[in-house]
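Mapping of the sequence shown onto the working numbering: residues 1 to 104, in sequence order. Right, one structure below, let's go through it.
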Amino acid sequence: MAQVPSNPEIEQLAAAIGEEVYIDVARWHLYLRDAHLHTLLAEQLAPQVRAGKVDEDAVTEILQRIPVKVGGGRKELPLADLLPMQSLLNLLDVLEEFSRKWAQ
C-alpha cells in the first residue's frame with residue numbers, strides 16, 4: 001500500500017502546480033495559485049503521484065471532477081475544460097517529477 005503524502009509534501013506539490021499550471025481565459029493565463037486551485041488539485045493528485053501512477057487519462061479524470069465557478073458563480077466548468085494542452089503537459093511534468101522524488 002502506498003504511503004500517504006505528508007502535508008509538507010502536498011504543500012510542495014501545490015506550490016509547483018501553482019507556478020507551472022494555468023487556465024486560459026480569453027488568451028490570458030491565470031495560474032492556479034492565483035485562482036486558488038493549486039492546493040485542491042495537489043490534494044486530489046497526491047495519492048496517485050505517491051503511488052507512481054501518473055498518466056494523462058487518470059489526471060484528466062480528476063480534472064473533470066473539479067468544478068470551477070465562473071461568472072460570479074452562475075456557471076461551473078470542469079477544470080479540465082479550462083486547461084490548454086500546454087498547461088496539461090506542464091502539470092504532467094510536475095507530477096512525474098514529484099513521483100520520482102517521492103519514490104526515493
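A virtual CB, placed ideally from N, CA and C, is assigned to each residue, including glycine. Computed from a prediction, not measured in an experiment: that's the story for all the values here.
Which one of the options has the shortest CA to CA distance from residue i?
{"i": "D34", "options": "L45, Y22, L41, S99", "result": "Y22"}
{"i": "L89", "options": "V59, P67, G52, A14", "result": "V59"}
{"i": "E11", "options": "R27, H36, H29", "result": "H36"}
Identify, in the order they occur along the chain, each residue of the same chain with its Cβ nearer than 7 Å to the Cβ of residue i, setting aside the five sequence neighbours on each side.
{"i": "V25", "result": "none"}
{"i": "L30", "result": "Y22, I23"}
{"i": "Q64", "result": "P78, A80"}
What residues in its chain sit with their C-beta under 8 Å from that of residue i, if we drop five residues either side in the sequence?
{"i": "V49", "result": "P5, L13, L95, F98, S99, W102"}
{"i": "A15", "result": "R33, H38"}
{"i": "E56", "result": "L88, L92"}
Roughly how far, in whole angstroms, is the beta-carbon of residue i from the beta-carbon of residue j, given that I think they are within contact range, below 8 Å?
{"i": "I17", "j": "L91", "result": "7 Å"}
Do residue j and residue i have their beta-carbon atoms positioned less than 8 Å apart in this structure?
{"i": "I66", "j": "Q44", "result": "yes"}
{"i": "V70", "j": "L77", "result": "yes"}
Runs of beta strand (DSSP E) wholly within the stretch 32-78 (minimum 3 residues, chain order)
67-70, 75-78
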